[in-house]
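Have a look at the structure below before the remarks.
Numbering (the UniProt record's numbering), first residue to last: 1 to 104.
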């Protein structure tokens, strides 16, 4: 029923703050307590968005002890407010980055 309301009233859901509310209605996002003690890690990732979480996951799959820290709530910054679109407006900037630094 909620989905039908969204489809019938698209103007109502165009702002990024509303998109977070929609996400929160459909998924239970984890919350984490403040880090109260020192930890030891091979890699510390700053940011708990999709890039930070994915980086920590991929490093862990390779056996690297990785952790991420987030100043606010996980998935609440750029990731939480994104429209998740793929765009050609970035041009070939990532191609140049790969050329300069490799895919690794």
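Here a beta-carbon is modelled for each residue, glycine too, at the ideal position from N, C-alpha and C. Quick caveat, the model's predicted, so the values are computed rather than measured.
Cutoff 8 Å; reference residue i; Cβ partners in own chain excluding five residues on either side
i           : result
residue 67  : 39, 41, 43, 44, 45 and 56
residue 105 : Because the chain is modelled from 1 through 104, residue 105 falls outside the range shown and cannot be assessed.
residue 14  : Residue confidence for residue 14 is low, a pLDDT of 44 falling below 50, so the modelled location carries little weight; the figure read from the coordinates is stated next. Around residue 14: no qualifying Cβ.
residue 98  : none
Status (buried if at least 16 other CB within 10 Å, exposed otherwise) for residue i
i          : result
residue 48 : buried
residue 3  : Confidence at residue 3 is low in this model, with a pLDDT of 44, below 50, so its placement is unreliable and no value can be given for it.
Candidates the options, of which the one nearest residue i by Cα
i          : options       : result
residue 35 : 50, 73 and 28 : 73
residue 30 : 70, 62 and 59 : 70
Same chain, Cβ closer than 7 Å to residue i, five either side skipped, listed in chain order
i          : result
residue 53 : 68
Those residues which DSSP pairs with residue i across a bridge
i          : result
residue 35 : Paired residues: none, contrary to the question.
residue 46 : 69
Nonlocal neighbours in the same chain, by C-beta distance under 6 Å from residue i, ignoring five residues either side
i          : result
residue 33 : none
residue 92 : none
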